[in-house]
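Enquirer:
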Amino acid sequence: MAKSLKKYSFIHFITIAYLIAAFSWWAILLYKKNEENYQLRTSIAQYENSTDTALINEKYQKQKNMILSEGLFFGLSILVGLMLIFRAFRKELEMNQTLNDFLLSVTHELKTPIASLKLVNQTLRRQNLSPDKKIDLLDTGWEESLRLESLVNNILTAAQIEQEYTFNFEKVDINELITQRSNRFSKLYPQRKISFGNTSTLIIEADKEAFIKVIDNLIHNAIKYSKEDEAIEIETSKSSNGISLQVKDTGIGIPTHESSKIWDKFYRVGNENTRDNQGTGLGLWITKEIVTAHKGLIEYKRNSPKGSIFSLSLPTPR
Ligand code: ADP
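Take 400 as the starting number for the sequence shown in the numbering used here and just add one per residue.
What follows is the structure in structure tokens.
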């Protein structure tokens, strides 16, 4: 829990305790005054030999019920109100914490490739490098610039989506698109096994550029969160009311209690100290926003015996 949240919780607790004590005190006082008033009125009526005692009794009961019911309602309203304020505040603080994490990871993500590109550049300037070494360095430079590109693209796409991105829907062969993207990743990560073999034509109505981001994010995550020797499988199929796409890996998977939060903006599983992989927590948020704009659904399932399955369904084009 954040330090400020703890401080706020304490102040919040003291305020509630004071409010309840003050409120109970006023309620008891009112109750007693009503009681005293009743005694006094009954004594006067007896002294005056009046027959008004039934009326006095009825009035006393009415006021007693009113104090109890209104007191209860008022007390409950205060409690509910305070609870709502506390919840909103807590959410705000959690969002703040996530944003701080995001800034930390973006800074790190930017610094690492820049430092590595500088190093590649300096080393390449040396004359006595073997051609193999030069190619190695150029490959590193290429990978680092791709990392930078993907980070900047994700941030830009998130900003565009926030500003109401206009989707341009067209007929797209999703199998062809996946083949292109998985081939691209296989070239970038030649040591990884990414399999997709569906060569039939499967048409969807999609914004091609946006949908490329969906496919790229899912494949890239599968690569990031699994080991080199763990295969990645992509499958598509046609169903009665649309198409379905699955990206499966046998990597680290996602703990059940965190699996509903992965779609939140900036959310990353674990904490900054325990994570092995860099990222921004924007990829799955972007993915879900794009899939929703395509009237589709995306969900996470556990793979067996381990790993993740991201399962996406889209309606058939009209
Ligand atoms: P990031 O930039 O951190 O990868 P994402 O929004 O793409 O952000 O993913 C959110 C979080 O979900 C990740 O930080 C990671 O913990 C988890 N995650 C996403 N895809 C996978 C996967 N295939 N396997 C395991 N964990 C995953």
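The C-beta atom is built at its ideal place from N, Cα and C for all residues, glycine as well.
Counting only the same chain and skipping the five closest in sequence on each side, list residues whose C-beta sits under 6 Å from that of Leu-683.
Expert: As a working mapping, residue 683 is identified with position 284 in the sequence shown. Ile-661, Trp-662.
Enquirer: Go through its chain and collect everything with a Cβ distance to Thr-556's Cβ below 7 Å, but skip five positions before and after it.
Expert: Counting from 1 along the sequence shown, the entry for residue 556 is found at position 157. The residues are Lys-612, Ile-685.
Enquirer: Within the same chain, show all residues whose beta-carbon is closer than 7 Å to that of Tyr-699, passing over the 5 residues directly before and after it, in chain order.
Expert: The count along the sequence shown starts at 1 and reaches residue 699 at position 300. The answer, listed in chain order, is Ile-653, Ser-658, Ile-661, Ser-707, Phe-709.
Enquirer: Short check: CB of Glu-629 to CB of Asp-648, under 8 Å?
Expert: The residue you call residue 629 lines up with position 230 of the sequence shown. The residue you call residue 648 lines up with position 249 of the sequence shown. Yes, the Cβ-Cβ distance between Glu-629 and Asp-648 is below 8 Å.
Enquirer: Could you tell me which of Val-551, Gly-596, Glu-608 sits nearest to Ser-636, measuring between CA atoms?
Expert: In the sequence shown, the residue the question calls residue 636 occupies position 237. Of the candidates Val-551, Gly-596, Glu-608, the one whose C-alpha sits nearest the C-alpha of Ser-636 is Gly-596.
Enquirer: Taking C-alpha atoms, which residue in Gly-650, Leu-471, Ser-585, Leu-481 lies nearest to Thr-414?
Expert: Within the sequence shown, the letter at position 15 stands for residue 414. For the residues Gly-650, Leu-471, Ser-585, Leu-481, the minimum Cα distance to Thr-414 belongs to Leu-481.
Enquirer: Quick one: does the C-beta of Trp-684 sit closer than 7 Å to a heavy atom of the ligand ADP?
Expert: Your numbering for residue 684 matches position 285 in the sequence shown. The answer is yes for Trp-684.
Enquirer: Are the CB atoms of Ile-618 and Ile-573 within a distance shorter than 8 Å?
Expert: Position 174 of the sequence shown, counting from 1, holds the residue named residue 573. Position 219 of the sequence shown, counting from 1, holds the residue named residue 618. No, they are not a contact pair.
Enquirer: Straight-line CA distance for Gln-677 to Leu-502?
Expert: Position 278 of the sequence shown, counted from the first residue, corresponds to residue 677. Position 103 of the sequence shown, counted from the first residue, corresponds to residue 502. Rounded to the nearest angstrom, the two C-alpha atoms are 12 Å apart.
Enquirer: Tell me the residue span of the alpha helix (DSSP H) that contains Ala-722.
Expert: Because the chain here runs from 400 to 717, residue 722 falls outside it and cannot be looked at.
Enquirer: What residues in its chain sit with their C-beta under 6 Å from that of Ser-638, if we drop five residues either side in the sequence?
Expert: The count along the sequence shown starts at 1 and reaches residue 638 at position 239. So the list is empty, once near-sequence residues are dropped.
Enquirer: Measure the beta-carbon distance from Ser-625 to Gly-641 and round it to whole angstroms, keeping in mind my assumption that it falls under 8 Å.
Expert: The count along the sequence shown starts at 1 and reaches residue 625 at position 226. The count along the sequence shown starts at 1 and reaches residue 641 at position 242. 28 Å between Cβ atoms; not a contact.
Enquirer: Any heavy atom of the ligand ADP closer than 7 Å to the beta-carbon of Gly-540?
Expert: Reading the sequence shown from its first residue, position 141 is the one you call residue 540. Checking every heavy atom of the ligand ADP against the Cβ of Gly-540, none is found closer than 7 Å.
Enquirer: For Gln-445, which three-state DSSP category applies?
Expert: Against the sequence shown, residue 445 aligns to sequence position 46. It is helical.
Enquirer: Given this structure, state the Cα-to-Cα distance separating Pro-716 from Thr-511, to the nearest angstrom.
Expert: Translated into positions along the sequence shown, residue 716 becomes position 317. Translated into positions along the sequence shown, residue 511 becomes position 112. Approximately 43 Å between the Cα atoms of the pair.
Enquirer: What are the boundary residues of the alpha helix (DSSP H) that includes Gly-682?
Expert: Stepping through the sequence shown from its first residue, residue 682 is reached at position 283. 682 to 692 is the extent of the alpha helix (DSSP H) around Gly-682.
Enquirer: Beta-carbon within less than 8 Å of Asn-702's beta-carbon, same chain only, minus the 5 sequence neighbours each way: which residues are those?
Expert: Your numbering for residue 702 matches position 303 in the sequence shown. The answer, listed in chain order, is Lys-647, Asp-648, Thr-649, Gly-652, Ile-708.
Enquirer: Would you check if the distance between the CB atom of Phe-665 and the CB atom of Leu-681 is smaller than 8 Å?
Expert: The count along the sequence shown starts at 1 and reaches residue 665 at position 266. The count along the sequence shown starts at 1 and reaches residue 681 at position 282. In this structure, Leu-681 lies closer than 8 Å to Phe-665 by Cβ.
Enquirer: Excluding the 5 residues flanking Asp-538 on each side, which residues of the same chain have their C-beta closer than 8 Å to its C-beta?
Expert: In the sequence shown, the residue the question calls residue 538 occupies position 139. Contacts found: none.
Enquirer: The beta strand (DSSP E) spanning Gly-641 covers which residue range?
Expert: On the sequence shown, position 242 is the one that residue 641 refers to. From DSSP, the beta strand (DSSP E) with Gly-641 extends over 641 to 648.
Enquirer: Going by DSSP, what residues sit across from Arg-701 in a beta bridge?
Expert: By 1-based counting over the sequence shown, the position of residue 701 is 302. Arg-701 pairs with Ser-707.
Enquirer: Since Asp-628 is in the alpha helix (DSSP H), which residue starts that stretch and which ends it?
Expert: Position 229 of the sequence shown, counted from the first residue, corresponds to residue 628. Looking at the DSSP string, Asp-628 is not in any alpha helix (DSSP H), and its letter there is neither H nor E.
Enquirer: Give a yes or no on whether the C-beta atoms belonging to Asn-433 and Lys-406 are separated by under 8 Å.
Expert: Your numbering for residue 433 matches position 34 in the sequence shown. Your numbering for residue 406 matches position 7 in the sequence shown. Not in contact: Asn-433 and Lys-406 (Cβ atoms no closer than 8 Å).
Enquirer: Give me, in chain order, the residues of the same chain whose beta-carbon lies closer than 8 Å to that of Val-505; leave out the 5 immediate sequence neighbours on both sides.
Expert: Position 106 of the sequence shown holds residue 505. Correct list, in chain order: Leu-550, Ile-554, Thr-679.
Enquirer: Would Phe-566 and Ile-622 qualify as a contact pair, given that the criterion is a beta-carbon distance under 8 Å?
Expert: For the purposes of this step, residue 566 is taken as residue 167 along the sequence shown, with counting starting at 1. For the purposes of this step, residue 622 is taken as residue 223 along the sequence shown, with counting starting at 1. Cβ atoms of Phe-566 and Ile-622: not closer than 8 Å.
Enquirer: Looking only at its own chain, which residues have a Cβ that is under 7 Å from the Cβ of Gly-474, when we skip the five neighbours before and after it?
Expert: One-based indexing of the sequence shown puts residue 474 at position 75. Answer for Gly-474: Phe-422, listed in chain order.
Enquirer: Hey, could you find the ends of the alpha helix (DSSP H) Glu-561 is sitting in?
Expert: As a working note, residue 561 is residue 162 in the sequence shown. Per DSSP, Glu-561 belongs to the alpha helix (DSSP H) from 530 to 561.
Enquirer: Can you tell me which of Ile-633, Lys-694, Glu-493 puts its alpha carbon nearest to the alpha carbon of Ser-594?
Expert: If you number the sequence shown from 1, residue 594 lands on position 195. For the residues Ile-633, Lys-694, Glu-493, the minimum Cα distance to Ser-594 belongs to Ile-633.
Enquirer: Measure from the C-beta of Leu-644 to each C-beta in chain B and report whether the shortest distance is under 8 Å.
Expert: This model lacks chain B altogether, as it is built from one protein chain only.
Enquirer: Is Thr-511 a contact residue of the ligand ADP, with contact defined as CB to any heavy atom under 7 Å?
Expert: Walking along the sequence shown from the start, residue 511 turns up at place 112. Outside the cutoff, so no.
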